[in-house]
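Have a look at the structure below before the remarks.
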Amino acid sequence: MTRPPTPVGAEHVEHLTAALAAVGPAVDTATRWGRELAGLLTGGARLVAAGNGGSAAQAAHLTAELVGRYRDDRRPFSAVALHAEVSALTAITNDYGLEEGFARQLEAHARPGDVAVLMSTSGGSPNVVRAAQRARECGVTCWAMTGRGPNPLTEVADESLTVESPFTATVQELHLVLLHVLCAGLDAELDARLMAGTS
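Here it is in C-alpha cells:
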C-alpha cells in the first residue's frame, strides 16, 4: 500500500480542518464517555491509559488532566499512564516480551469496574491490543482511540473512537481534541451533580 504524501503547511491545516468537520459523532461519544467517567471516578474507580510514541504523550496528557484538573478546581482522580513507570515497563518487556508491557501493568493496577483508555493511530500496536484483551479479561471497560477502523484494537475494545485520516499527525491532533472533549464532559457532569446535590 502506498502512503499519500505528507501534507505540508497550509495543506496540513486543510487536512486537519476537514478531519475536524467530520468528527461530530466522535464528539458525542467522547462527551458521553466523560459523563460516564465522572460517575465512575467519583465512585472510586481508576483510569489507566496507554499508547506508544505520540499516543503515549496523549495518554499522559489525559491522566494529567484527571489527577490535576482540566478547567475548574476539583478533587483529584486516580489515573495512571502505563508507559510512565519506566522501571516496571522495561522489566516487564525484558522478562515477558514487548507485547506484555502494558497488559501486565494493567492487570496489576486496574480492578473490575475501572476504565482503560488505549490509543493507537494504526489500531494495530501489539502491546496496546494485548492490553485491551487483558482489560476485557479483568473486567475493565476498554475505550479505544484509533485512526481508521475497523482494526484489531477496535475489534477488542468495548467502544471506540476512530479518526478517518490517513495521516498520523492528524489522527493524533484529533485525539487531543477528543480527550479535551471527554474532560469537558466530565467537568460538566461533576458540575451538574454538584448543583443537584448528588456529588
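So for the sequence shown, the numbering used here puts the first residue at 27; every next one is plus one.
Don't be surprised by glycine CBs; every beta carbon is placed ideally from N, CA and C.
Nothing here was measured: the structure is a model prediction, and the numbers come from that model.
Counting every other CB atom within 10 Å of its CB across the protein chains shown gives E215 a total of 16 or more, marking it as buried. For G80 and D217, the gap between their C-alpha atoms comes out near 31 Å. Three or more Cβ pairs closer than 8 Å define a contact, and the region 158-171 meets that threshold against the region 140-150. Looking at G127, T43, F193, the one whose alpha-carbon comes closest to that of R29 is F193. Distances from the CA of H135 to each of A76, L179, Y96 were compared; the closest alpha carbon is that of A76. Straight across, the Cα-Cα distance linking N120 with G127 is about 9 Å. In the DSSP secondary-structure assignment, C168 is bridged to A142. The straight-line gap separating the alpha-carbon atoms of M221 and L66 is approximately 18 Å. Secondary structure of E185 (DSSP, three-state): strand. Here DSSP, grouped into helix, strand and coil, assigns A218 to helix. The beta carbon of L63 lies closer than 6 Å to those of L212 in the same chain, with the five residues before and after it left out.
Taken in chain order, the whole beta strand (DSSP E) runs of length 3 or more contained in the region 49-107 are 73-76, 105-107. Taken through DSSP and simplified to helix, strand or coil, T116 comes out as helix. For R219 and E133, the gap between their C-alpha atoms comes out near 31 Å. DSSP, reduced to helix, strand and coil, places T147 outside both helices and strands of the structure shown, so it counts as coil.
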